[in-house]
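The next block holds one structure in the form of structure tokens; read it before the comments.
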Amino acid sequence: MKYVDTNQVQKNMNSRLLKNNVLKSVFFLATIFGLIVLAVLIIRVIMQGASWINMDFLTNKLSTSPDRAGIMGAILGTFWLMVVVIPVTLILGVGTAIYLELYARKGRFQSFVQTNIANLAGVPSIVYGILGMTIFVRALDFGNVVLAGGLTMSLLVLPIIIVAAQESIRAVPQHLSEASYGMGATKWQTVKNIILPAALPGILTGSILSLSRAIGETAPLVVIGIPALLIPFPGGIMDRFTVLPMQIYYWTIDSSLVEEYANLAAATIIVLLVLLFLLNATAIVIRNKFQKRY
Amino acid sequence: MALDNKIDNHDKRSIQDMIAKKKNGKNITSITEKVMPAILFLIAAVSILTTIGIVYTLLTETIEFFKRVPIMDFFTGTVLKPLSQNPEFGVLPLINGTIISSIIAMLVAGPIGIMTAVFLSEYASERVRRTLKPMLEILAGIPTIVYGFFAFTFVTPLIREFFPSVEATNILSPGLVMGVMIIPMIASLSEDAMTSVPNAMREGALALGSTKLEVTFRVVIPAALSGIIASFVLGISRAIGETMIVTIASGSSKNFTFDITQSMQTMTAYIVEVSGGEAPAGSTIYYSLYAVAMTLFVFTLIMNLLARYVSRKFREEY
Amino acid sequence: MATLTKPKVNIKNHANTEQKSITETAATTKQNMNKKIVYDTKDLNLWYGETHALKDINLSIYEKEVTAIIGPSGCGKSTYLKTLNRMVELVPSVKTSGVITYKDKSILDKSFKVEDLRTRVGMVFQKPNPFPKSIYDNIAYGPKIHGIRNKKILDEIVEKSLRGASIWDEVKDRLKENAYGLSGGQQQRICIARCLAIEPDVILMDEPTSALDPKSTLRVEELIQELKKDYSIVIVTHNMQQAARISDRTAFFLNGEVVEYDETDTIFTNPADSRTEDYISGRFG
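Residue numbers (the numbering used here), protein chains in the order written: chain A, 1 to 294; chain B, 1001 to 1318; chain C, 2001 to 2285.
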């Protein structure tokens, strides 16, 4: 006895294929939906802010008057923040990765640290802000200076660089370190001379990505307390400061009072996005240049 | 031949001698060898200290808060008036705002994210996939403050154009924009789960006369379900913790309402408002900051643990 | 006559099954002229990008026979098999020329619906590939996508197919369990049952026993002998003994060409081409 009716199957086939094709288009539209929003966002920001970008805007101090306001202070603030974040995250991130990959005995402690890092990656950035405010600003009494902000940001992006560094250390082929051990090199000599240089491109890429996150992040700094209008430029890591995202934040919420502030915010967004674009382009160049050398 | 050997032996010996001599005088190497593991251990401990720091600060100040405001009043109170003469600290309006904005975001990011994943993993050619994926990743790399600006100055006015009754600050617009922000995350994690379904399984289904759509919905998605669910849970966690978009575009009304056209405050936005308002240390409102942050922390922690549990526990074997 | 020359290939089958297959072969030879052709391949060429993988293939596959395709790895035998249900198109860079007709329909035409073809032609793969679902859902998958939803009919199809693949007795009490709990040999028979559930005319088998142990291999071979009564079977195998044991006709592929295609007995006892003789006597490959 036949259960499958060939004619019926063929009749169904057309509608099944039609469904397939219709949904394929739907899936495609869904895929480009995000890209369309991205395009609208970028076009909108450029239309609103591009005409406000000029030398004065980039080099002037902050001002309540839109025509005279500039973002030099925020640019310098972002710069000094990086001066703190880069060394701190590199040392802590790479050190942790080396420890976990090469020194820690595989066991409970190692997997505990690993789980802990995964959980830290999921903690909302604003909670880091509260940690920074409580520990660095108040308990250690740094005040709301670059150092406090930078350390907070470093802790925030630490999981990113740890995971990236771990992956690139893991990708260094075993035979390289075995060759080094085979010549009687000690562990640290092998780590320093063989493993780290081979893992460096991956570490740098991860470091740049975590840096872009730190540059664009706003919430922790809001909690730490960055003044809305700060006239003097920061000259070191113990100075009070503002950064580009903070400036965007203040100008955006005040745009209901002074309309031009929205344009200033858009112009600052352009500067921020260009900065992030350059950083990511560097990361891609590094990745491509050093890919698969061994 | 014999002569050559002699020279070789001689050379070898002298290099070995040199190494041996160096070893005697070189204590630095052996010291580094002993000290480095300890240093590296201390560095690795920083991440644990961070966790301890977060939990400790949140916990001690939250306990202080509950000494002043009964814990039941906090978790069951529907009124939040921290600045009034008779302040009330019910957290429900904030939880409500957080959940509603997350639901709106997931209604956007869930379907679009999974459809994107299906397109990239099942339909797109390798070339199309390689072009579209990095472009989507740009979306994930845009700072949230930029999305906040976009929600406030573009999306909200656009919505008000069509629905004038929507308020200038409302929960709908930031929810939608947050959804767009989360799309790449869900798309990329779900796609990973789908591409790890072995091709043999797709071929088995195709050989039975399935269309691609049937392969996707009856074989690939069920096999990748744990990864897809995990991506949703992580997306929700991301939405719950998102701060700047809702702070900018949803305002600070502490309404306990389900009307998405109105302004609502999320837990994150409350933290921004209170800490930015320079709450004097030691005041009840200052401590409320920690109680809200603790609640937020627990919410996201549960979500993250849940995501890990789902993807581990229900990982399909094939 | 055939038995005399058979020792060339080491056959470990029981005497009675051998006897049976020989009488069957004799019978098919007699009515050869009446056999219907299921698949007819004319001047088939196939390229993977620049690589010319199949060259001027001409081959007819007959109804209710087992056709074996043998040859060294890389000779194009799997590629040819996958062309018969157009699974080969899953590789993006594939180009074909020539004609394959399946029951007088030209299947390589772009207008021909592959899904239709694959509904009529089942396939069993090298590695067992059940879906990560229950045994029942694995078998019911095909009928369900083709629109059969009646629970009672589905139950009957599942039982019939599992019986057809002679695995019903082993799994009838655990139909709701995941198919991945079964052994490799059982999984492969589940995959065959899955194929039977849509009642195909042809079953394509791509080295179906290469991932199985000898005992499971034997069971699958016996099953193939059973299935021959109702289905036309094309089997790719790297195992010459297997081809000799179970097939009625054998095609020998080498470097993308059909060197020789004839009745299995002829191929293994009296090959026309010296390359075939070299291969089956183990001088290469």
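All C-beta atoms in this analysis are idealised placements derived from N, C-alpha and C, irrespective of residue type, glycine included.
Note that the structure is a prediction, hence the values are computed from the model and not measured.
inquiry  = Which of the three DSSP states is assigned to residue 2232 of chain C in this structure?
reply    = strand
request  = Report the neighbours of residue 2286 of chain C on chain A: residues whose CB is nearer than 9 angstroms to its CB, in chain order.
outcome  = Lying outside 2001 to 2285, the shown extent of chain C, residue 2286 of chain C is not represented and no answer is given.
inquiry  = Quick test of your reading: residue 251 of chain A and residue 272 of chain A, contact by CB under 8 angstroms. State the CB separation rounded to the nearest angstrom.
reply    = The Cβ separation is near 12 angstroms, so there is no contact.
ask   = Starting from residue 2262 of chain C and walking both ways along the alpha helix (DSSP H), at which residues does that stretch end?
value = Per DSSP, residue 2262 of chain C belongs to no alpha helix (DSSP H); it is in the beta strand (DSSP E), 2257-2263.
ask   = Using the beta-carbon of each residue, which ones in chain C are nearer than 8 angstroms to residue 1269 of chain B?
value = Those do not exist, as residue 1269 of chain B stays about 43 angstroms from chain C at its closest Cβ, beyond 8 angstroms.
ask   = Is the CB-CB distance between residue 2094 of chain C and residue 2039 of chain C below 8 angstroms?
value = no
query = Considering only residues of the same chain and omitting the five flanking positions on each side of residue 2059 of chain C, which have a CB-CB separation below 7 angstroms?
reply = 2041, 2251, 2258, 2261
task = Rounded to whole angstroms, what's the CA-CA distance from residue 1247 of chain B to residue 138 of chain A? Just pull it up for me.
result = 24 angstroms
task = Check the Cβ of residue 17 of chain A against every Cβ in chain E and list those closer than 9 angstroms, keeping chain order.
result = No chain E is part of this structure, whose protein chains are labelled A, B and C.
ask   = Which chain C residues are close to residue 2 of chain A, counting only those with a beta carbon under 8 angstroms from its beta carbon?
value = 2199
key: Chain-ordered chain B contacts of residue 2122 of chain C [CB-CB under 8 angstroms]   = 1207, 1208
inquiry  = Taking 8 angstroms as the cut-off, does the segment 182-202 of chain A touch the segment 116-134 of chain A (at least 3 CB pairs, one atom from each stretch)?
reply    = no
task = Whole angstroms is fine: what's the gap from residue 1077 of chain B's alpha carbon to residue 1121 of chain B's?
result = 47 angstroms
request  = Would you mind reading off the limits of the beta strand (DSSP E) that contains residue 2172 of chain C?
outcome  = Per DSSP, residue 2172 of chain C belongs to no beta strand (DSSP E) and is neither H nor E.
key: Closest by C-alpha distance to residue 1162 of chain B, when choosing among B:1254, B:1261, B:1016   = B:1261
task = Name the two residues that bound the continuous beta strand (DSSP E) containing residue 2054 of chain C.
result = 2051-2062
message = Considering Cα atoms alone, identify which of C:2240, C:2254, C:2231, C:2255 is closest to residue 2269 of chain C.
response = C:2240
ask   = Cβ atoms of residue 1272 of chain B and residue 219 of chain A: under 8 angstroms apart, would you say?
value = yes
message = DSSP has residue 1089 of chain B in a bridge; who is on the other side?
response = B:1080
request  = Could you check the C-alpha separation between residue 2169 of chain C and residue 1304 of chain B for me, to the nearest Å?
outcome  = 45 angstroms
query = Hey, residue 1125 of chain B and residue 1239 of chain B: beta-carbon distance below 8 angstroms or not?
reply = no
Three-state secondary structure (DSSP) of residue 2204 of chain C = strand
Within 8 angstroms of chain A by C-beta, residues of the segment 2156-2167 of chain C in sequence order = 2156, 2157, 2160
ask   = Based on the DSSP output, what are the partners of residue 1264 of chain B in its beta bridges?
value = According to DSSP, which records beta bridges pairwise, residue 1264 of chain B is partnered with nothing at all.
inquiry  = Can you give me the C-alpha to C-alpha distance between residue 1131 of chain B and residue 1138 of chain B, rounded to a whole angstrom?
reply    = 12 angstroms
request  = Please report the Cβ distance between residue 270 of chain A and residue 50 of chain A, rounded to the nearest whole angstrom; I am assuming they are in contact, meaning their Cβ atoms lie under 8 angstroms.
outcome  = 6 angstroms
key: residue 1212 of chain B: contacting residues in chain A (beta-carbon distance under 7 angstroms)   = 20
query = What are the boundary residues of the alpha helix (DSSP H) that residue 1163 of chain B is part of?
reply = Careful: residue 1163 of chain B lies outside any alpha helix (DSSP H) and carries neither H nor E.
query = With a cut-off of 8 angstroms, do at least 3 Cβ pairs link the segment 2152-2170 of chain C to the segment 2097-2117 of chain C?
reply = no
request  = Over the uninterrupted alpha helix (DSSP H) stretch that includes residue 2251 of chain C, give me the two end residues.
outcome  = No alpha helix (DSSP H) holds residue 2251 of chain C; the beta strand (DSSP E) holding it covers 2249-2254.
query = Is any beta-carbon of chain B found at less than 8 angstroms from that of residue 87 of chain A?
reply = no
message = On the CB-based measure, 16 or more other CB atoms within 10 Å of its CB, does residue 227 of chain A come out buried or exposed?
response = exposed
task = May I have the straight-line CA-CA distance separating residue 1183 of chain B from residue 1105 of chain B, to the nearest angstrom?
result = 9 angstroms
Closer than 9 angstroms at the beta carbon, the chain C residues around residue 1238 of chain B = Those do not exist, as residue 1238 of chain B stays about 29 angstroms from chain C at its closest Cβ, beyond 9 angstroms.
key: Contacts that residue 2280 of chain C makes with chain A (C-beta to C-beta distance below 7 angstroms)   = In chain order: nothing, as chain A lies at least about 39 angstroms away.
ask   = Within 10 angstroms of its Cβ, does residue 2139 of chain C collect 16 or more other Cβ (buried), or is it exposed?
value = buried
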